[in-house]
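Each residue of the sequence shown is one higher than the last, beginning at -19 in my numbering.
Where a beta carbon is used, it is the ideal one built from N, C-alpha and C, also for glycine.
Data first, discussion second: the structure below is written as structure tokens.
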Amino acid sequence: MGQSSPPPPPPPPSLLVVLLLLSSTALLCESRLSLDYYSKTCPSFSKIMQETITNKQITSPTTAAGTLRLLFHDCLPNGCDGSVLISSTAFNKAERDADINLSLPGDAFDLIVRAKTALELSCPNTVSCADILAVAARDLVTMLGGPYYDVYLGRKDSKFSQASSIEGNLPKPNMDMSQIFNLFAARGFTIQEMVALSGAHTIGFSHCKEFSSNIGNDTHYNPRFAQALKQACSDYPKNPTLSVFNDIMTPNKFDNLYFQNLPKGLGILESDHGLYNDPRTQPFVELYAKDQNKFFQDFARAMQKLSVYGIKTGRKGEIRRRCDAVN
């Protein structure tokens, strides 16, 4: 009976360490975001984004606020994965057709389509719709005088989008403050970060249907302001597109006047008044009202954190060829 050959000796410990390092590095590389993610694969990325954003904002000044809102509505429910950009089909009702998303402005969607079209011509199948949205929101905030913050790139796009996933995962104007706190806390945000992010209301507008029923019942409104809102929204049952600027003082400038307005009863939404009248958030409202630099600093940090919330990387996502449809 022949003697079997002895088993091969185990690899030396140093080789095991190298193999483990290589495998973990491969996993890290697959999921790592970076500031220069497209430097080799799409060198014209920043230039194309800047040109597209500037042209769109000049022709449609409400684009900035709309794009910032679109980013919030994409990121908070299921992570920053471009799923809100997908259109519904005969077989699937997508996120953008959930009731709370029906008022998302067309200019924001149009901006993303324009940027994606230009990028596909220059660098096909390379740049994700999720990255386009994150950069567009940051650049538009900066264009209106707000803070610059780094946007790390390398997100992948979601492969699906379902309207049913939205309910309860976005703040509504009639939510009480504890509900809104819990929604943000579940995503790892502090109360102060939530207040800082609420400062996005310094630009943009709210539709009359979101607050008209509160005007007569909410004693936190400045009386003359309440009367003006009633007049501005008197026809909203016939014209549901009627809206009012969130910051009536400087609606097209990113500043801290939104916070200065709240103690004066010049907030639009019930949640705006709640920020000032809740003892958990009032100190932060007062801080940001008197110190714009502090608001900018905290807003930038919170936006950077939001923009990487729940991202998809590696094989968990894809690069969509069109932002409104899965591949």
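I'd like the span of the alpha helix (DSSP H) that includes residue i, first residue to last.
i, result
"Phe185", "No alpha helix (DSSP H) contains Phe185, which is instead part of the beta strand (DSSP E) from Phe185 to His187."
"Ser26", "Phe25 to Thr39"
"Ile195", "Ser192 to Ile195"
"Ala305", "Ala305 -> no alpha helix (DSSP H), and no H or E assigned at all."
"Arg281", "Gln272 to Leu286"
"Phe205", "Pro203 to Ala212"
"Asn241", "Leu237 to Asn241"
Would DSSP call residue i helix, strand or coil?
i, result
"Ala308", "Here the chain comprises residues numbered -19 to 307, so residue 308 is not present and cannot be evaluated."
"Lys218", "coil"
"Lys292", "strand"
"Ser251", "helix"
"Thr42", "coil"
"Ile92", "helix"
"Val265", "helix"
"Thr106", "coil"
"Thr97", "helix"
"Thr47", "helix"
"Lys233", "coil"
"Ile20", "This sequence places Lys at residue 20; Ile is not what is there. Of the three classes helix, strand and coil, the one that applies to Lys20 here is coil, per DSSP."
"Asp111", "helix"
"Asp54", "helix"
"Gly86", "helix"
"Asp198", "coil"
"Asp79", "helix"
Applying the criterion that 16 or more other CB atoms from any shown protein chain within 10 Å of the CB defines a buried residue, is residue i buried or exposed?
i, result
"Tyr256", "buried"
"Pro259", "exposed"
"Arg49", "buried"
"Lys296", "exposed"
"Leu15", "exposed"
"Ile38", "exposed"
"Ala70", "exposed"
"Asp215", "exposed"
"Thr199", "exposed"
"Glu147", "exposed"
"Phe140", "exposed"
"Tyr128", "exposed"
"Asp79", "exposed"
"Arg76", "buried"
"Lys136", "buried"
"Leu1", "For Leu1, the pLDDT reaches just 47, beneath the cut-off of 50, and the residue's location in the model is therefore unreliable, although a value from the coordinates is still provided. Its Cβ having fewer than 16 others within 10 Å, Leu1 is exposed."
"Pro217", "exposed"
"Gly126", "buried"
"Gly294", "exposed"
"Gly254", "buried"
"Asn58", "buried"
"Leu118", "One detail in the question is off: residue 118 reads as Arg in this sequence, not Leu. Its Cβ being crowded by 16 or more others within 10 Å, Arg118 is buried."
"Thr34", "exposed"
"Arg300", "buried"
"Asn81", "buried"
"Gly196", "exposed"
"Thr5", "At Thr5 the pLDDT is 37, less than 50, meaning the model places this residue with poor confidence; the figure from the coordinates comes in the next sentence. Classification of Thr5: exposed, given that the 10 Å Cβ count is below 16."
"Leu242", "buried"
"Asn219", "exposed"
"Gln207", "exposed"
Would you list the residues sitting across from residue i in a DSSP beta bridge?
i, result
"Asp137", "Glu298"
"Phe225", "Phe185"
"Ser340", "One cannot answer for residue 340 here, as it falls past the ends of the chain, which runs -19 to 307."
"Thr69", "Asn72"
### Task
May I have a chain-ordered list of the alpha helix (DSSP H) segments no shorter than 4 residues that lie completely inside the segment 119 to 183?
157 to 165 and 171 to 178
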